[in-house]
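Numbering-wise, the working numbering puts 229 at position 223 of the sequence shown, and it's gapless, one number per residue. Below is one structure, written out as C-alpha cells; the observations come after it.
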Amino acid sequence: MAALATGIATAKLILCGEHAVVYGEPAISVPFSQAIVKTDVTEATETSFSSAFFEGSLDEMPAFLAGIKEITEQILRRMGDKKVMINVMSDVPIGRGLGSSAAVAASIVRGLYVYFKQPLTEKELLHWVNQSEKIAHGKPSGVDAVTVVTGKPVWFEKDKSLELIHFNQKAHFVVADTGVPSETRSAVLDVGHLLQNDPQLYQPMIIKLGDISREIKKYFETNLDVAQVGLLMTEAQKLLEKLTVSDASLEKLIRTALENGAAGAKLTGGGRGGCIISLVENQESARKVADALQRGGAARVWIFTIGEDNQ
Ligand code: PMV
Numbered sequence: 007m008a009a010l011a012t013g014i015a016t017a018k019l020i021l022c023g024e025h026a027v028v029y030g031e032p033a034i035s036v037p038f039s040q041a042i043v044k045t046d047v048t049e050a051t052e053t054s055f056s057s058a059f060f061e062g063s064l065d066e067m068p069a070f071l072a073g074i075k076e077i078t079e080q081i082l083r084r085m086g087d088k089k090v091m092i093n094v095m096s097d098v099p100i101g102r103g104l105g106s107s108a109a110v111a112a113s114i115v116r117g118l119y120v121y122f123k124q125p126l127t128e129k130e131l132l133h134w135v136n137q138s139e140k141i142a143h144g145k146p147s148g149v150d151a152v153t154v155v156t157g158k159p160v161w162f163e164k165d166k167s168l169e170l171i172h173f174n175q176k177a178h179f180v181v182a183d184t185g186v187p188s189e190t191r192s193a194v195l196d197v198g199h200l201l202q203n204d205p206q207l208y209q210p211m212i213i214k215l216g217d218i219s220r221e222i223k224k225y226f227e228t229n230l231d232v233a234q235v236g237l238l239m240t241e242a243q244k245l246l247e248k249l250t251v252s253d254a255s256l257e258k259l260i261r262t263a264l265e266n267g268a269a270g271a272k273l274t275g276g277g278r279g280g281c282i283i284s285l286v287e288n289q290e291s292a293r294k295v296a297d298a299l300q301r302g303g304a305a306r307v308w309i310f311t312i313g314e315d316n317q
C-alpha cells in the first residue's frame, strides 16, 4: 500500500442538451478544468472522511453522501477491509450543475485504487461513478459520469456508444455561479410530469433541444460561428424556461451576460439555481462579461476556453 495516494478528477460543463438528454436526445458536455477535486488517501485506524462538506467516520456519513459511502464501502471490502483516511479537497462548488458529485466519486475511487496499488480501467471507474450517481440522483442520464471519467468533450446519447467531440477552433465561455443550490432532482422529476401530462406541448420542446445540440455540434466541429451558436444557446434557454427548470437567479445573470456582449447564454446542468454558461467572441469580451457578472452578484465567475490545445 502506498503511504499517501492521490486521485484527481475534473468537473464538467454541459454546453447544451441538459434535461433533453434524459429522454434520449444528445447533449454536449466538456470537462471543466478550472474546477478539480483532489483526494488524498492515507493509512488510518478507523476509516474516516475529511472534506468541506463532511468530517467524520464513514459510518456516520449523511444521506446526501449515500452514493459515495456505498461505493467506498464496497471498494474497501474488496481490498480486504483495510482502514483509510480519505481527505477530499474540492474547488467544485457543490450542487451547482458542475458535476461535483461525479467528480468527488471519481477522485475517491482513483485515490483508493492508487492507494491499494490496483489497476483501474475506465470501464470500472465508470461503473463506480454511475453507481454512486444513481444512489445520489435517482435516474441520472449518465452524462456527468461519462464526462468526468473520460475527461474529454463528449457527445452523449443515453444507452448509445460514446462519441467524442473535437473542437475545431477555440471557443471562449464565461461561466457564473448564481450561488443558489441547483435542484436537479426536482427539476428532472417536474419535466417528467410535464411530459406525462401534456406530451403534445412538451415533447416537441425536448426534440427541439436535441436539434439545437445537433446544430451546435456541427459549428464546433467545422467553422465556429459564434453569433449563430450564441443564438442557439439562448434559444435553448428559452425552451428550458418553458420546461420550468430556469429561475430568476439564472435569468438575472443570463441578462447581464447578454447585455454585456455575450453572443448567447443559458443555464448549465439541472437548473433552478446553479450556473450559467455564456459564449463570447474572444478573451477581451470574456473579461468584460466576467466583470459585469461579478458586479451583477454572481457568487463565482470563471473564464473558460475549449478547443485546439485545450482538449
Ligand atoms: O447534475 P446536473 O445538475 O449537472 O444535471 C445533469 C443534467 C440533467 O440532464 C439535468 C440530468 C441528467 O441526468 O442528465
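Quick reminder that beta carbons are idealized off the backbone N, C-alpha and C, glycines included.
For residue i, the nearest candidate out of the options (CA to CA)
{"i": "T184", "options": "M239, G86, T190 and I260", "result": "I260"}
{"i": "L273", "options": "A298, V295, F38 and E247", "result": "E247"}
{"i": "P210", "options": "L249, K89 and I34", "result": "L249"}
{"i": "K224", "options": "A11, T12, A9 and I34", "result": "I34"}
{"i": "V160", "options": "L238, I222, L195 and V197", "result": "I222"}
{"i": "S96", "options": "G198, G13 and C281", "result": "G13"}
{"i": "T311", "options": "F226, G267, P205 and Q234", "result": "F226"}
{"i": "G267", "options": "L285, E257 and A254", "result": "L285"}
{"i": "Q234", "options": "S255, E265 and A269", "result": "A269"}
{"i": "L19", "options": "A182, Y29 and G198", "result": "A182"}
{"i": "G254", "options": "D196, T16, H199 and A304", "result": "The sequence as given places Ala at residue 254; Gly does not occur at that position. When only C-alpha atoms are compared, the closest one is A304."}
{"i": "V154", "options": "R301, L82 and A15", "result": "A15"}
{"i": "V197", "options": "Q175, Q289 and R278", "result": "R278"}
{"i": "N174", "options": "L230, Q300 and G105", "result": "L230"}
{"i": "D87", "options": "A50, D217 and G105", "result": "A50"}
{"i": "Y121", "options": "L10, Q289, K294 and G280", "result": "L10"}
{"i": "L256", "options": "L238, L264, E265 and C281", "result": "C281"}
{"i": "Q80", "options": "V98, E130, T156 and F38", "result": "E130"}
{"i": "L264", "options": "I212, A298 and G276", "result": "A298"}
{"i": "T228", "options": "A109, L82 and K176", "result": "K176"}
{"i": "K301", "options": "T262, Q202 and L200", "result": "In the sequence under discussion, the amino acid at residue 301 is Arg, which differs from the Lys named in the question. Cα-wise, what sits closest to R301 is T262."}
{"i": "G103", "options": "G275, K75, L238 and N203", "result": "G275"}
{"i": "D150", "options": "Q206, V110 and Y119", "result": "V110"}
{"i": "V47", "options": "L82, D204 and F38", "result": "L82"}
Closer than 6 Å: residue i CB and nearest ligand 1 heavy atom
{"i": "G275", "result": "yes"}
{"i": "T190", "result": "yes"}
{"i": "G103", "result": "yes"}
{"i": "D150", "result": "yes"}
{"i": "E24", "result": "yes"}
{"i": "S147", "result": "yes"}
{"i": "V43", "result": "no"}
{"i": "V160", "result": "no"}
{"i": "V391", "result": "Residue 391 lies beyond the residue range present for the chain, which begins at 7 and ends at 317; the question has no answer from this structure."}
Neighbourhood of residue i by C-beta, 6 Å cutoff - its chain only, sequence neighbours within 5 removed
{"i": "N316", "result": "At N316, the pLDDT of 47 sits below 50, so the modelled position is not reliable; the number obtained from the coordinates is stated separately. Nothing meets the Cβ criterion."}
{"i": "I77", "result": "W134, Q137 and S138"}
{"i": "E287", "result": "V232"}
{"i": "S57", "result": "V94"}
{"i": "K158", "result": "L170"}
{"i": "G101", "result": "P187 and S188"}
{"i": "A292", "result": "H178, V180, V286 and I309"}
{"i": "S54", "result": "S63 and M91"}
{"i": "T240", "result": "G270"}
{"i": "E236", "result": "The amino acid at residue 236 is misidentified as Glu; the sequence shows Gly. Taken in chain order, the residues that qualify are A269, G270 and L285."}
{"i": "S106", "result": "V98 and I100"}
{"i": "G313", "result": "F173, Q175, K176 and A177"}
Neighbourhood of residue i by C-beta distance below 7 Å, restricted to the same chain and skipping five residues each side
{"i": "E66", "result": "none"}
{"i": "A296", "result": "V180, V307 and I309"}
{"i": "E52", "result": "S63 and K89"}
{"i": "L71", "result": "F60"}
{"i": "V28", "result": "S147 and V194"}
{"i": "R191", "result": "H143 and G144"}
Contacts around residue i, its chain only, beta-carbon distance under 8 Å, and the 5 residues preceding and following it disregarded
{"i": "L215", "result": "C22, G23, H25, A26, E31, A242, L245 and L246"}
{"i": "Q124", "result": "M85"}
{"i": "G148", "result": "N136, E139, F162 and K164"}
{"i": "V152", "result": "S35, L132, V160, F162 and L168"}
{"i": "E128", "result": "V155 and T156"}
Would you call the segment 163–175 in contact with the segment 130–144, where contact means no fewer than 3 C-beta pairs closer than 8 Å?
The segment 163–175 makes no contact with the segment 130–144: fewer than 3 CB pairs, one atom from each, lie closer than 8 Å.
Assess contact between the segment 43–58 and the segment 109–126, defined as three or more Cβ pairs (one per stretch) separated by less than 8 Å. Is contact present?
Three or more Cβ pairs drawn from the segment 43–58 and the segment 109–126 lie within less than 8 Å of each other, which places the two stretches in contact.
In chain order, what are the residue ranges of uninterrupted alpha helix (DSSP H) at least 4 long that sit wholly in the segment 121–157?
Whole alpha helix (DSSP H) segments, 4+ residues: 128–143 and 149–156.
Whole runs of the alpha helix (DSSP H) within the segment 56–129, excluding any shorter than 4 residues
Taking only runs of at least 4 residues, the alpha helix (DSSP H) segments lying wholly in the segment 56–129 are 72–84 and 106–121.
Segments assigned alpha helix (DSSP H), at least 4 residues, entirely inside the segment 161–224:
Fully enclosed alpha helix (DSSP H) runs of 4 or longer: 190–203.
Ordered list of beta strand (DSSP E) runs contained in the segment 9–39, each at least 3 residues:
Counting whole runs of 3 or more residues, the segment 9–39 contains the beta strand (DSSP E) stretches 10–22.
Quick check on the DSSP output: what are the complete beta strand (DSSP E) runs of length 3 or more inside the segment 222–282, in order along the chain?
DSSP assignment within the segment 222–282 yields the following whole beta strand (DSSP E) runs of 3 residues or more, N-terminal first: 270–274.
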